[in-house]
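Enquirer: Sharing a structure with you now.
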Amino acid sequence: MMDMPELVVILSFFDMKVGPVCYIEVPENKLGADIEMVLSQIFDQTATEGFFWHSITGKYKTSLNYYFEIPSEWARGYKEMLMLSIVFKEKLSSKKEHDVLSWVIDYVQKLRGKPDAYKAFYFSEKQVDDTEQAKDIEKMHGIVQKWTEELYWSTKEEIRKKTEEEIVANLMINNALLETIKYLSKRPVKLEKLKKWFKHQDYLRDFDRIISTLQDHKFIFINNIGPETYVLLVKDVKISRVPPDCLVELIEKGDERQALVEYYQKIVIDFFNKYDPSKDDPVTLYHVIAEPKQFNLISELRKGPIVKSKISKILRQGPMVARKIGILSSLKNSNVIDEFTFDGTTYLLLKTDIIINDQFPEYIQKALPDEAEEKGSNISSPVGIMGTELKGLMERENFNLGDEEDLATVEDAVLTSPEQDARADNEGAGDISDQGDPQDSPFDIIIDEISTRFMQDKNPVKNQEKNIEE
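Take 2 as the starting number for the sequence shown in this note's numbering and just add one per residue.
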């Protein structure tokens, strides 16, 4: 079965002999004759410049089209009639449509502003002789082909869903949100006290937005415990540098570019032998992952070294422009990439990869049994800790979540959620995967037990009286 890309970009022009022709297609040979016929029919019926959508039946659902004209010395009426089409599997959202349209407009303006651009559409008529006209046609066709490929990669970047890495990194580059997580990682905090802290840090205007964001991404849990409302951080994240996996693969498979592999191995070993994480390094790494162009380049370099002259597709522009806008220099300054010249060819290398892992916040990690710390303090999958380990954590005598002055004693400990009461009744349940959705985070399960145990630890006298009565 033919691979179906998420989108295909087609530049059509009106041939004086045969009518509308799908001239350049990126990726090539992915569209099919049926959709090409539909686009030709649309083109044949359009005479007014502008954008329009058209529904398609089959593997692709819709096409975004833009009809326009450019000056020409060879065409009838001295103008080339062109239509740019991008076909998609699904209709775009309004925001993504707006972003894609901006790239289409840029493409059309470049084509209109290029002298002799019309020659690109006579490439198939180029004679085999080495005339100046033939050279001009071939050169112009190559330029338009390159621009169309760049438009494809630009559009693909705009419509793709962000990875979990990018989502987390975009959260963490917000300094107020990052500092809030650090503050909550020490112990549960009363909601009113958290508001006062926000005010002191001059974050108060962002309070509702940050709290809502942390709840949406399941970083915090807000619960009423007696008369007080507490905010509990139940998930933290850790970003770190690791050696790139592709280096190991190059060594194991015995890549023929031995000098390149040896240099690659040397720069990675030298870096990690000297690497001493600075206080600001996590923030730097979050910013690297949050920048789409930088992340795209890192994603490609994870597969192995890339010839520097071939990165224009990834960066949407040529290497000279890429240097000007700082993508390569920024990644080099952050010690993420390096380059090496081998047999006259310059390669870009991923010096250090970057990973982001979920982990328990500090106050929970301190309370974990040794075996649970080893297995579950860093959670790289949706479910990383068994219910039996959580149950063992709750039964520890020294389980304590904070200092007395920060966590006031509450006389009546009440969990207000019916679902929480139901889970408390089933305390003896084993694996988390037996309770609710198997994709639920373990943090959603642990928080009720933490809240209950927290209040028991804070009311030792009341607990002793209860034991005597029993």
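Ideal placement from N, C-alpha and C gives every residue a C-beta, glycine not left out.
(1) Mapping DSSP to helix, strand and coil, what is Y348?
(2) Taking Cβ positions, are L233 and F222 nearer each other than 7 angstroms?
(3) Just checking, does the region 158-168 make contact with the region 133-145 on the three C-beta pairs under 8 angstroms criterion?
(4) Take F69 as the anchor and find which of A170, Y184, Y108 has the nearest alpha-carbon.
(5) Mind checking which residues open and close the beta strand (DSSP E) that includes R242?
(6) When DSSP builds the beta bridges, which residues end up paired with G51?
(7) Which of the three DSSP states, helix, strand or coil, is assigned to Y204?
(8) Less than 7 angstroms separating the beta-carbons of F89 and T47?
(9) In whole angstroms, what is the alpha-carbon distance linking L40 and K111?
(10) Which residues does DSSP pair with T230 in a beta bridge?
(11) Would you please state the rounded distance, in angstroms, between the beta carbons of Y348 and L248? I believe it to be under 8 angstroms.
(12) Quick check on DSSP: helix, strand or coil for N176?
(13) On the criterion of 16 or more Cβ atoms from any shown chain inside 10 Å, does H201 qualify as buried, or is it exposed?
(14) Thinking C-beta only, is I357 closer than 7 angstroms to E240?
(15) Hey, L286 and I338 are a contact pair by Cβ (cut 8 angstroms); roughly how many whole angstroms apart?
(16) Quick one: what's P293 bridged to in DSSP?
(17) Return the residue from the list L350, Y265, C23 that minimises the CA-CA distance to K309.
(18) My output table needs one value for S313: the three-state DSSP class, helix, strand or coil.
(19) What is the rounded straight-line gap between the Cα of Q259 and the Cα of K352?
(20) So, with DSSP's three-state summary, where would you put L12?
(21) Would you mind reading off the limits of the beta strand (DSSP E) that contains F44?
(22) Taking the C-alpha atoms as reference points, what is the distance between F14 and D209?
(23) Are the CB atoms of M141 and A170 nearer to each other than 7 angstroms?
(24) Within 10 Å of its beta-carbon, does F53 have 16 or more other beta-carbons around it, so buried, or fewer, so exposed?
(25) Is T58 buried or exposed, if buried means 16 or more other CB atoms sit within 10 Å of its CB?
(26) Hey, would you say V190 sits closer than 7 angstroms to I87, going by beta carbons?
(27) Which two residues bound the contiguous alpha helix (DSSP H) that contains I268?
(28) With a threshold of 16 other CB atoms inside 10 Å of the CB of R113, please say whether the residue is buried or exposed.
(29) If you check the beta carbons only, do T149 and V22 fall under 7 angstroms apart?
(30) Less than 7 angstroms between the C-beta atoms of L12 and L85, yes or no?
(31) List the whole-angstrom C-beta distance separating Q295 from S331, where the pair is believed to meet the contact cut-off of C-beta under 8 angstroms.
(32) Hey, E158 and Y119: beta-carbon distance below 7 angstroms or not?
(33) Which residue from V101, Q216, D281, R77 puts its Cα closest to that of N66?
(34) With burial defined as no fewer than 16 other Cβ atoms inside 10 Å of the residue's Cβ, what is the status of S155: buried or exposed?
(35) Give me, in chain order, the residues of the same chain whose beta-carbon lies closer than 6 angstroms to that of G305; leave out the 5 immediate sequence neighbours on both sides.
(36) Less than 7 angstroms separating the beta-carbons of E363 and S186?
Expert: On the basis of the coordinates in this document:
(1) In the sequence shown, residue 348 corresponds to position 347, counting from 1. Residue state for Y348 is assigned as strand, using DSSP reduced to three classes.
(2) Mapped onto the sequence shown, residue 233 falls at position 232. Mapped onto the sequence shown, residue 222 falls at position 221. Taking 7 angstroms as the cut-off, the beta carbon of L233 is found closer than this to the beta carbon of F222.
(3) Segments in contact, no.
(4) Sequence index remark: in the sequence shown, residue 69 carries index 68 (1-based). Nearest in C-alpha terms to F69, of all of A170, Y184, Y108, is Y108.
(5) Your numbering for residue 242 matches position 241 in the sequence shown. Note, R242: beta strand (DSSP E), 237-243.
(6) Start at 1 with the first residue of the sequence shown, and residue 51 comes out as number 50. When DSSP reads this structure, G51 sits in a beta bridge with Y68.
(7) Residue 204 sits at position 203 when you count from the first residue of the sequence shown. In the structure shown, the three-state DSSP call for Y204 is coil.
(8) As a first step, residue 89 must be located in the sequence shown, where it is residue number 88. As a first step, residue 47 must be located in the sequence shown, where it is residue number 46. No, they are not a contact pair.
(9) Translated into positions along the sequence shown, residue 40 becomes position 39. Translated into positions along the sequence shown, residue 111 becomes position 110. L40 and K111: Cα-Cα distance of roughly 23 angstroms.
(10) As a working mapping, residue 230 is identified with position 229 in the sequence shown. Under DSSP, T230 shares a beta bridge with N225.
(11) One-based indexing of the sequence shown puts residue 348 at position 347. One-based indexing of the sequence shown puts residue 248 at position 247. Incorrect: roughly 13 angstroms between the Cβ atoms, too far for contact.
(12) Position 175 of the sequence shown, counting from 1, holds the residue named residue 176. Assignment of N176 by DSSP, reduced to helix, strand and coil, places it in the helix class.
(13) Numbered from its first residue, the sequence shown carries residue 201 at position 200. The Cβ neighbour count for H201, taken over all protein chains shown within 10 Å, is under 16; the residue is labelled exposed.
(14) On the sequence shown, position 239 is the one that residue 240 refers to. On the sequence shown, position 356 is the one that residue 357 refers to. Here the sequence assigns Ile to residue 240, which means Glu is not the residue at that position. Going by C-beta atoms, I240 is nearer than 7 angstroms to I357.
(15) Locating residue 286 in the sequence shown gives position 285, counting from the first residue. Locating residue 338 in the sequence shown gives position 337, counting from the first residue. For a cut-off of 8 angstroms, the C-beta gap from L286 to I338 is around 13 angstroms, too long to register as a contact.
(16) The sequence position of residue 293 within the sequence shown is 292, counting from 1. Answer by DSSP bridge pairing: none, since P293 is not bridged.
(17) For the purposes of this step, residue 309 is taken as the residue at position 308 of the sequence shown. Closest by C-alpha distance to K309, out of L350, Y265, C23, is L350.
(18) Here residue 313 refers to the residue found at position 312 when the sequence shown is read from its first residue. Three-state DSSP puts S313 in a helix.
(19) Taking the sequence shown and counting its residues from 1, one reaches residue 259 at position 258. Taking the sequence shown and counting its residues from 1, one reaches residue 352 at position 351. Rounded to the nearest angstrom, the gap between the Cα atoms of Q259 and K352 is 17 angstroms.
(20) Residue numbering aside, residue 12 sits at position 11 when the sequence shown is read from its first letter. Shown here, L12 sits in a strand according to DSSP, grouped into three states.
(21) Walking along the sequence shown from the start, residue 44 turns up at place 43. Unbroken run through F44 is the alpha helix (DSSP H), 34-45; no beta strand (DSSP E).
(22) Counted from its first residue, the sequence shown places residue 14 at position 13. Counted from its first residue, the sequence shown places residue 209 at position 208. About 53 angstroms.
(23) Stepping through the sequence shown from its first residue, residue 141 is reached at position 140. Stepping through the sequence shown from its first residue, residue 170 is reached at position 169. No, they are not a contact pair.
(24) Counted from its first residue, the sequence shown places residue 53 at position 52. Using a 10 angstroms sphere on the CB of F53, the tally of other CB atoms stays under 16, which defines it as exposed.
(25) Here residue 58 refers to the residue found at position 57 of the sequence shown. When all chains shown are included, T58 counts as exposed.
(26) Against the sequence shown, residue 190 aligns to sequence position 189. Against the sequence shown, residue 87 aligns to sequence position 86. It is not a contact, given that the beta carbons lie outside the stated cut-off.
(27) Residue numbering aside, residue 268 sits at position 267 when the sequence shown is read from its first letter. From DSSP, the alpha helix (DSSP H) with I268 extends over 259-275.
(28) Along the sequence shown, read from residue 1 onward, the residue named residue 113 stands at position 112. Exposed is the call here.
(29) Numbered from 1 along the sequence shown, position 148 holds the residue referred to as residue 149. Numbered from 1 along the sequence shown, position 21 holds the residue referred to as residue 22. Between T149 and V22, the CB-CB gap reaches or exceeds 7 angstroms.
(30) Numbered from its first residue, the sequence shown carries residue 12 at position 11. Numbered from its first residue, the sequence shown carries residue 85 at position 84. Result yes, Cβ atoms of L12 and L85 sit closer than 7 angstroms.
(31) Position 294 of the sequence shown, counting from 1, holds the residue named residue 295. Position 330 of the sequence shown, counting from 1, holds the residue named residue 331. Contact holds; Cβ gap of about 7 angstroms.
(32) Reading the sequence shown from its first residue, position 157 is the one you call residue 158. Reading the sequence shown from its first residue, position 118 is the one you call residue 119. Result no, Cβ atoms of E158 and Y119 do not sit closer than 7 angstroms.
(33) The sequence position of residue 66 within the sequence shown is 65, counting from 1. Nearest C-alpha to N66: V101.
(34) Along the sequence shown, one-based indexing puts residue 155 at 154. Label assigned to S155: buried.
(35) As a first step, residue 305 is located in the sequence shown; it is residue number 304 there, counting from the start. Result list for G305: C247, in chain order.
(36) Taking the sequence shown and counting its residues from 1, the one referred to as residue 363 is at position 362. Taking the sequence shown and counting its residues from 1, the one referred to as residue 186 is at position 185. In this structure, the beta-carbon distance from E363 to S186 falls below 7 angstroms.
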